[in-house]
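Down below is the structure, laid out as C-alpha coordinates.
Numbering (this note's numbering), first residue to last: 151 to 317.
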(Lines of atoms letter the chains of each structure in order from A; the text may use other names.)
(Lines give C-alpha, C1' and ligand atoms only; values in the text may rest on other atoms or scores of the structure.)
Protein backbone atom coordinates (compact mmCIF):
# COMPACT_ATOMS: atom_id res chain seq x y z
CA UNK A 151 0.00 0.00 0.00
CA UNK A 152 1.22 3.47 -0.90
CA UNK A 153 -0.16 5.13 2.23
CA UNK A 154 -0.05 3.62 5.70
CA UNK A 155 -0.44 4.62 9.33
CA UNK A 156 2.18 3.45 11.81
CA UNK A 157 2.99 3.90 15.48
CA UNK A 158 6.51 5.15 16.03
CA UNK A 159 9.14 7.83 16.35
CA UNK A 160 9.38 9.96 13.21
CA UNK A 161 13.05 10.71 13.94
CA UNK A 162 13.85 7.02 13.38
CA UNK A 163 11.85 6.47 10.18
CA UNK A 164 13.92 5.69 7.10
CA UNK A 165 12.57 7.39 3.97
CA UNK A 166 13.54 10.25 1.66
CA UNK A 167 11.91 13.03 3.70
CA UNK A 168 10.05 13.66 6.91
CA UNK A 169 7.67 16.52 7.55
CA UNK A 170 8.24 18.61 10.64
CA UNK A 171 5.29 20.19 12.46
CA UNK A 172 7.31 23.37 12.90
CA UNK A 173 6.53 26.78 14.29
CA UNK A 174 6.74 29.88 12.09
CA UNK A 175 10.29 30.75 13.20
CA UNK A 176 11.59 27.30 12.09
CA UNK A 177 14.03 27.52 15.00
CA UNK A 178 12.84 24.47 16.92
CA UNK A 179 10.29 24.16 19.67
CA UNK A 180 8.47 21.52 21.64
CA UNK A 181 6.87 18.25 20.63
CA UNK A 182 7.85 16.69 17.33
CA UNK A 183 9.63 19.89 16.24
CA UNK A 184 12.01 19.75 19.21
CA UNK A 185 12.56 16.01 18.74
CA UNK A 186 13.46 16.47 15.07
CA UNK A 187 15.86 19.31 15.85
CA UNK A 188 17.55 17.30 18.62
CA UNK A 189 17.92 14.20 16.44
CA UNK A 190 19.17 16.13 13.39
CA UNK A 191 21.83 18.01 15.35
CA UNK A 192 22.84 21.68 15.43
CA UNK A 193 23.37 21.84 11.66
CA UNK A 194 19.59 21.78 11.16
CA UNK A 195 19.11 24.86 13.31
CA UNK A 196 21.95 26.61 11.46
CA UNK A 197 20.27 25.96 8.10
CA UNK A 198 16.84 26.93 9.44
CA UNK A 199 18.25 30.28 10.57
CA UNK A 200 18.97 31.10 6.91
CA UNK A 201 15.35 30.53 5.81
CA UNK A 202 13.67 33.57 7.36
CA UNK A 203 10.85 31.62 8.96
CA UNK A 204 7.78 30.20 7.26
CA UNK A 205 4.12 31.20 7.18
CA UNK A 206 1.37 28.89 8.49
CA UNK A 207 0.35 26.38 5.83
CA UNK A 208 3.49 26.88 3.75
CA UNK A 209 6.58 24.64 3.73
CA UNK A 210 10.35 24.91 3.43
CA UNK A 211 12.91 22.14 2.93
CA UNK A 212 16.28 21.52 4.56
CA UNK A 213 18.80 18.73 4.65
CA UNK A 214 18.21 15.88 7.12
CA UNK A 215 21.69 15.96 8.70
CA UNK A 216 21.92 13.28 11.41
CA UNK A 217 18.42 11.91 10.70
CA UNK A 218 18.02 8.77 8.52
CA UNK A 219 16.43 10.94 5.79
CA UNK A 220 17.74 13.17 3.04
CA UNK A 221 15.35 16.05 3.78
CA UNK A 222 13.24 17.63 6.49
CA UNK A 223 10.23 19.55 5.19
CA UNK A 224 9.13 22.11 7.76
CA UNK A 225 5.51 23.27 7.85
CA UNK A 226 3.92 25.44 10.52
CA UNK A 227 0.43 24.11 11.15
CA UNK A 228 -2.48 26.24 12.28
CA UNK A 229 -3.30 26.88 15.92
CA UNK A 230 -6.91 25.76 16.47
CA UNK A 231 -9.05 28.80 17.27
CA UNK A 232 -12.48 27.22 17.05
CA UNK A 233 -12.48 26.49 13.32
CA UNK A 234 -13.61 29.87 12.02
CA UNK A 235 -10.13 31.17 11.10
CA UNK A 236 -9.40 28.99 8.03
CA UNK A 237 -7.63 26.38 10.16
CA UNK A 238 -8.93 23.49 8.04
CA UNK A 239 -7.67 25.05 4.79
CA UNK A 240 -4.34 25.92 6.41
CA UNK A 241 -3.89 22.32 7.59
CA UNK A 242 -4.72 21.01 4.10
CA UNK A 243 -2.12 23.44 2.71
CA UNK A 244 0.51 22.07 5.13
CA UNK A 245 0.18 18.52 3.78
CA UNK A 246 -0.14 19.65 0.15
CA UNK A 247 2.88 21.96 0.28
CA UNK A 248 5.05 19.31 1.96
CA UNK A 249 4.10 16.79 -0.72
CA UNK A 250 4.82 19.31 -3.50
CA UNK A 251 8.30 20.02 -2.11
CA UNK A 252 8.96 16.29 -1.73
CA UNK A 253 8.00 15.68 -5.36
CA UNK A 254 10.05 18.66 -6.59
CA UNK A 255 13.12 17.27 -4.80
CA UNK A 256 12.74 13.77 -6.23
CA UNK A 257 11.54 12.12 -3.04
CA UNK A 258 9.86 8.75 -3.47
CA UNK A 259 8.86 8.45 0.20
CA UNK A 260 7.77 10.83 2.94
CA UNK A 261 6.64 10.45 6.54
CA UNK A 262 4.32 12.85 8.36
CA UNK A 263 3.57 13.48 12.01
CA UNK A 264 0.06 14.50 13.02
CA UNK A 265 0.37 18.22 12.26
CA UNK A 266 -1.23 20.71 14.68
CA UNK A 267 -2.91 18.12 16.93
CA UNK A 268 -0.56 18.52 19.87
CA UNK A 269 -0.01 21.85 21.60
CA UNK A 270 -1.74 23.68 18.69
CA UNK A 271 -4.98 21.99 19.72
CA UNK A 272 -6.40 20.99 16.32
CA UNK A 273 -9.03 18.28 17.07
CA UNK A 274 -7.86 14.85 15.91
CA UNK A 275 -11.33 13.96 14.64
CA UNK A 276 -11.08 16.88 12.19
CA UNK A 277 -7.34 16.74 11.45
CA UNK A 278 -7.10 13.05 10.50
CA UNK A 279 -9.67 13.14 7.65
CA UNK A 280 -8.15 16.36 6.26
CA UNK A 281 -4.66 14.81 6.23
CA UNK A 282 -5.81 11.50 4.74
CA UNK A 283 -7.94 13.11 2.02
CA UNK A 284 -5.22 15.61 1.06
CA UNK A 285 -2.51 12.93 0.88
CA UNK A 286 -4.71 10.51 -1.11
CA UNK A 287 -5.68 13.23 -3.60
CA UNK A 288 -2.05 14.21 -4.10
CA UNK A 289 -0.93 10.61 -4.61
CA UNK A 290 -3.52 10.11 -7.38
CA UNK A 291 -1.91 12.95 -9.34
CA UNK A 292 1.71 12.18 -8.44
CA UNK A 293 2.65 8.52 -8.95
CA UNK A 294 6.33 9.43 -8.46
CA UNK A 295 5.70 9.45 -4.70
CA UNK A 296 5.62 5.76 -3.93
CA UNK A 297 5.19 5.69 -0.15
CA UNK A 298 3.63 7.94 2.48
CA UNK A 299 3.59 7.10 6.16
CA UNK A 300 1.60 8.83 8.87
CA UNK A 301 3.78 8.30 11.95
CA UNK A 302 1.70 8.49 15.11
CA UNK A 303 3.29 8.84 18.53
CA UNK A 304 0.45 7.18 20.45
CA UNK A 305 -2.34 4.63 19.95
CA UNK A 306 -5.14 7.19 20.18
CA UNK A 307 -3.69 9.30 17.37
CA UNK A 308 -3.02 6.17 15.32
CA UNK A 309 -6.65 5.06 15.70
CA UNK A 310 -7.98 8.37 14.35
CA UNK A 311 -5.75 8.14 11.26
CA UNK A 312 -6.57 4.45 10.71
CA UNK A 313 -10.28 5.27 10.88
CA UNK A 314 -9.84 8.12 8.40
CA UNK A 315 -7.85 5.85 6.09
CA UNK A 316 -10.50 3.12 6.28
CA UNK A 317 -13.40 5.57 5.93
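Every residue gets a Cβ at the ideal spot worked out from N, C-alpha and C, and that includes glycine. Remember, it's a predicted structure, so these values are computed and weren't measured experimentally.
In its own chain, which residues sit with a C-beta less than 6 angstroms from the C-beta of residue i, not counting the 5 before and 5 after it?
i, result
"residue 267", "274 and 277"
"residue 164", "218"
"residue 207", "240, 243 and 244"
"residue 262", "169 and 300"
"residue 304", "none"
"residue 298", "153, 260 and 285"
Excluding sequence positions up to five away, which residues of its chain have a Cβ less than 7 angstroms from the Cβ of residue i?
i, result
"residue 201", "176 and 210"
"residue 161", "185, 186, 189 and 217"
"residue 324", "Past the edges of the chain, shown from 151 to 317, lies residue 324, and the structure says nothing about it."
"residue 155", "300, 302, 308, 311, 312 and 315"
Tell whether a beta-carbon distance below 7 angstroms holds between residue i and residue j.
i, j, result
"residue 245", "residue 167", "no"
"residue 310", "residue 300", "no"
"residue 224", "residue 281", "no"
"residue 193", "residue 212", "no"
"residue 269", "residue 227", "no"
Following the continuous alpha helix (DSSP H) through residue i, name the residue where it begins and the one where it ends.
i, result
"residue 182", "181 to 190"
"residue 306", "305 to 316"
Among the options, whose alpha-carbon lies nearest the alpha-carbon of residue i?
i, options, result
"residue 259", "293, 234, 280 and 287", "293"
"residue 252", "296, 231 and 279", "296"
"residue 214", "257, 284 and 289", "257"
Note down, in chain order, each residue of its chain lying with its Cβ closer than 8 angstroms to the Cβ of residue i, except the 5 sequence neighbours on either side.
i, result
"residue 195", "177, 178 and 187"
"residue 286", "153"
Would you call the segment 235 to 251 and the segment 184 to 201 touching, i.e. three or more CB-CB distances under 8 angstroms?
no
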